[in-house]
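Mapping of the sequence shown onto the working numbering: residues 105 to 503, in sequence order. Ideal Cβ placement from N, Cα and C applies to all residues, glycine included. Given the structure is predicted, the values throughout are model-derived calculations rather than measurements. To keep things clear, I will list the structure first and then write my remarks on it.
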Amino acid sequence: MTLASKRVLLIVSGGIAAYKALELVRLLRKSGCGVTCVLTEGGAHFVTPLSLQALSEDRVYTEIFSLTDESEMGHIQLSRAADLVVVAPASADILAKMAVGLASDLATTLLLATDKAVLVAPAMNVRMWQHPATVANMATLASRGVTVVGPDEGTMACNEYGFGRLAEPPAILAAIAALLIGPRPLAGRHALVTSGPTHEPIDPVRYIANRSSGRQGHAIAVALQALGASVTLVSGPVSLPDPAGVRTIHVETAAEMLAVCTAALPADIAVFAAAVADWRTEAAAQKLKKMPGMDTLSLSFVQNPDILATISQGQPRPQLVVGFAAETQDVIAHATEKRRRKGCDWIVANDVGAGADIMGGLENEVHLVTEQGVESWPRLPKDAVATRLAARMAAVFAS
Ligand code: C5P
105 MTLASKRVLL
115 IVSGGIAAYK
125 ALELVRLLRK
135 SGCGVTCVLT
145 EGGAHFVTPL
155 SLQALSEDRV
165 YTEIFSLTDE
175 SEMGHIQLSR
185 AADLVVVAPA
195 SADILAKMAV
205 GLASDLATTL
215 LLATDKAVLV
225 APAMNVRMWQ
235 HPATVANMAT
245 LASRGVTVVG
255 PDEGTMACNE
265 YGFGRLAEPP
275 AILAAIAALL
285 IGPRPLAGRH
295 ALVTSGPTHE
305 PIDPVRYIAN
315 RSSGRQGHAI
325 AVALQALGAS
335 VTLVSGPVSL
345 PDPAGVRTIH
355 VETAAEMLAV
365 CTAALPADIA
375 VFAAAVADWR
385 TEAAAQKLKK
395 MPGMDTLSLS
405 FVQNPDILAT
415 ISQGQPRPQL
425 VVGFAAETQD
435 VIAHATEKRR
445 RKGCDWIVAN
455 DVGAGADIMG
465 GLENEVHLVT
475 EQGVESWPRL
485 PKDAVATRLA
495 ARMAAVFAS
């Protein structure tokens, strides 16, 4: 990948993840990209101007009221000399200031003055990321066209687990490259993605569900958006946050999911990653009571609509329809048969048998079944599977 002749203005704000900004600068320079760094006061607690200067081979800016800076290069000019402004790591504080439009230091002044695209890579404690204030700030920034990469899920420096880790530097580099090199391959395309389980009620307090976490479907929505698609994510009940900038519609049952998917058409791409319940029961109006002597309970089930088959065989049919096949045995044979039976273009098949640790887990090992045959991919994090899959989808639309 070459970013030669491009220049990034990299703002490094405060947070333990700031050390990863050094690796990002190294990767950018390796791909030929010029980097000018701005270090906030918070950022300077974690990395030194000297490290950034050595790696970027350029001077590092920290102070807004430095006469030298203003005489050599005014802040307006600094924000406009770059092709892209990147904030990595972006703390909750700087994201809030960006959303409000504060210009209280050099970094925020540059962000307000720039006429260039802005990419942010948030990093913070999971509770800060999930706080309604941050969620609202991210929605504001997304509505202004700010691109977001990450944060990733995992254990944080504070020992808490969840979303909040800075995206890995190669992923930030890929997002920068996507913005700087040419048009985004799925720009102007609409992608519909289903994700998560469905909940089928038994009575007002009980339901039937499955172990789907929604991680794979949500990651696919994010990956398609990163390639420029406008994405509608139809999600069953999950504990994941709505991906920034993705139109997310929440549903409970398979019937609701089908109705929302149908209403979201037309779409160019449809990916059905949800683990939809095959069966539903007639929900009792009142909570089912446990009566004395009642040793067993029988429920009768009716089949749910098959959303993938309905949309694959209906009109308007998306140009590329992708289904999933979670199997516990004969994965490829079942997936190949399923592709034909449902009428979709591709099936992403995986083994969810005992010990595979895939359903609800962080990694996936998939086989891509297409008309041309079967490709078996190595075991990868679910977001890497999503990135690969999105790139394959983009190739279908490249002409
Ligand atoms: O038949 P099976 O459930 O194994 O098929 C899995 C694929 O079909 C997945 O892509 C899933 O999202 C989709 N599906 C659906 N509606 C159903 C059942 C499955 O869209 N009722």
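| query | result |
| --- | --- |
| Please report how far the alpha carbon of LYS391 lies from the alpha carbon of ASP209, in whole angstroms. | 58 Å |
| Report the rounded CA-to-CA distance for CYS262 versus ARG231, giving the unit in angstroms. | 11 Å |
| Taking the DSSP output, what are the residues bridged to ALA363? | None, per the DSSP bridge assignment. |
| At a cut-off of 6 Å, would you count VAL380 as near the ligand C5P, judging by its Cβ distance to the nearest heavy atom? | yes |
| Identify every residue that forms a DSSP beta bridge with GLN407. | TRP383 |
| Could you pull the DSSP bridge partners for GLU479 from this structure? | LEU472 |
| For a cutoff of 7 Å on Cβ pairs, would you count ALA499 as touching chain C? | Annotation note: the requested chain C is absent from the structure, which comprises a single protein chain. |
| Got a sec? Which residues, its chain only, sit under 7 Å from ALA211 by beta carbon, not counting five neighbours each side? | ILE115, SER117, VAL142, THR144 and ILE198 |
| Under 7 Å, do VAL473 and ARG492 count as touching if we go by C-beta distance? | no |
| Whose C-alpha, out of LEU337, LEU214 and LEU156, is nearest the C-alpha of ILE180? | LEU214 |
| Can the beta-carbon of VAL355 be found closer than 7 Å to that of VAL364? | yes |
| How many Å lie between PRO347 and MET395 at the Cα? | 45 Å |
| In this structure, does DSSP put PRO226 in helix, strand or coil? | strand |
| Given that a residue counts as buried once 16 or more other Cβ atoms are within 10 Å of its Cβ, and exposed if not, what is GLN417? | exposed |
| If you draw a straight line from the C-alpha of ASN454 to the C-alpha of GLY321, how long is it? | 14 Å |
| Go through its chain and collect everything with a Cβ distance to LYS110's Cβ below 6 Å, but skip five positions before and after it. | CYS137, ASP187 and LEU284 |
| With VAL489 as the anchor, note down where its beta strand (DSSP E) starts and where it stops. | From DSSP, VAL489 is part of no beta strand (DSSP E) but of the alpha helix (DSSP H) over 486-501. |
| Measure the C-alpha to C-alpha separation of LEU171 and TYR165 and round it to an integer number of angstroms. | Note on LEU171: pLDDT 41, under 50, position unreliable in the model; the coordinate value appears next. Going by the C-alpha atoms only, they are around 12 Å apart. |
| Does DSSP classify LEU171 as helix, strand or coil? | Residue placement at LEU171 cannot be trusted, given a pLDDT of 41 that sits under 50; what the coordinates show is reported in the next sentence. Residue state, collapsed to three classes: helix. |
| Across the stretch 477-491 and the stretch 308-324, are there enough close Cβ pairs to call them in contact, namely three or more that are closer than 8 Å? | yes |
| Evaluate GLU479 with the Cβ neighbour count: other Cβ atoms within 10 Å of its Cβ, from every protein chain shown; 16 or more gives buried, anything less gives exposed. | exposed |
| Note down the Cα distance separating PHE267 from ALA413, rounded to an integer number of angstroms. | 34 Å |
| List the endpoints of the continuous beta strand (DSSP E) containing THR140. | 138-143 |
| DSSP three-state call for LEU290: helix, strand or coil? | coil |
| Between which two residues does the alpha helix (DSSP H) carrying VAL239 extend? | 236-247 |
| Starting from MET444, follow the alpha helix (DSSP H) in both directions and report where the run begins and ends. | Looking at the sequence itself, residue 444 is Arg, so the reference to Met does not match. 435-446 is the extent of the alpha helix (DSSP H) around ARG444. |
| Would the beta-carbon of PHE150 be found less than 6 Å away from any heavy atom of the ligand C5P? | no |
| Can you tell me whether THR400 is buried or exposed, with buried defined as 16 or more other CB within 10 angstroms of its CB? | exposed |
| If I measure Cβ to Cβ from VAL309 and keep anything under 6 Å in the same chain, skipping five residues before and after, which residues do I get? | LYS391 |
| Is ASN408 near the ligand C5P, with its Cβ less than 6 Å from a heavy atom? | yes |
| Exposed or buried, what is SER299 when buried is set at 16 or more other beta-carbons lying within 10 Å of its beta-carbon? | buried |
| Which class does ARG421 belong to by DSSP, given the choice of helix, strand or coil? | coil |
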